[in-house]
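Structure, as structure tokens:
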Amino acid sequence: MRDGVAVAVFVVALVGSVAGFGAVTSQLSAESAPEADFAVSTLDDGRVVVEHAGGEPLEATVRVLVYEERRFLPDRTVHASDWNGTVRPGERLRLEDQRFEPGQRLVVRWYGGDGQANLASARL
Numbered sequence: 235m236r237d238g239v240a241v242a243v244f245v246v247a248l249v250g251s252v253a254g255f256g257a258v259t260s261q262l263s264a265e266s267a268p269e270a271d272f273a274v275s276t277l278d279d280g281r282v283v284v285e286h287a288g289g290e291p292l293e294a295t296v297r298v299l300v301y302e303e304r305r306f307l308p309d310r311t312v313h314a315s316d317w318n319g320t321v322r323p324g325e326r327l328r329l330e331d332q333r334f335e336p337g338q339r340l341v342v343r344w345y346g347g348d349g350q351a352n353l354a355s356a357r358l
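Under this note's numbering, the first residue of the sequence shown is numbered 235, with each subsequent residue one higher.
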């Protein structure tokens, strides 16, 4: 009987954790996300430049992620950088990582108080 209670408690805890995680990381609708455009350039020396190319200044956390897409497994994060402070149009973030390869996917993700939204995506 104790094993059945332990399993039930585990399942309730797991469901609660997943529900809480979903609430924290919920994807915002396009109407809730800020309006901002980004340009991505790959330089000859392997560095990548991400520029806030127009739109609203961004006050919350902005993270630049580079993913390696894998066919049968979840995509693997190769690189992650936080853009600190207010990000205004015209500002650039230079990224350098030996693991950058052509074809990897770069995502600019904004984290606000109510969730997150991908603001841009590009291929290296």
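All C-beta atoms, glycine included, are put in the ideal place defined by N, C-alpha and C.
Query, Result
"Where the beta strand (DSSP E) through F272 begins and ends", "A270 to T276"
"Collapsed DSSP secondary structure at Q332 in the structure displayed", "coil"
"Cβ contact (3+ pairs, closer than 8 Å) linking the stretch 293 to 303 and the stretch 340 to 358", "yes"
"For G280, three-class secondary structure by DSSP", "coil"
"Spatial distance of R295 from G349 (CA atoms)", "For the record, residue 295 in the displayed sequence is Thr; it is not Arg. The straight-line gap from Cα to Cα measures roughly 11 Å."
"First through last residue of the beta strand (DSSP E) which encompasses S266", "Premise fails: S266 is in no beta strand (DSSP E) and is neither H nor E."
"Alpha carbon of E335 to alpha carbon of P268, nearest angstrom", "29 Å"
"Buried versus exposed, by CB contacts within 10 Å (16 or more), A273", "exposed"
"Same chain, Cβ closer than 6 Å to E325, five either side skipped, listed in chain order", "H286"
"Straight-line gap, V321 to E330 (C-alpha atoms, nearest Å)", "19 Å"
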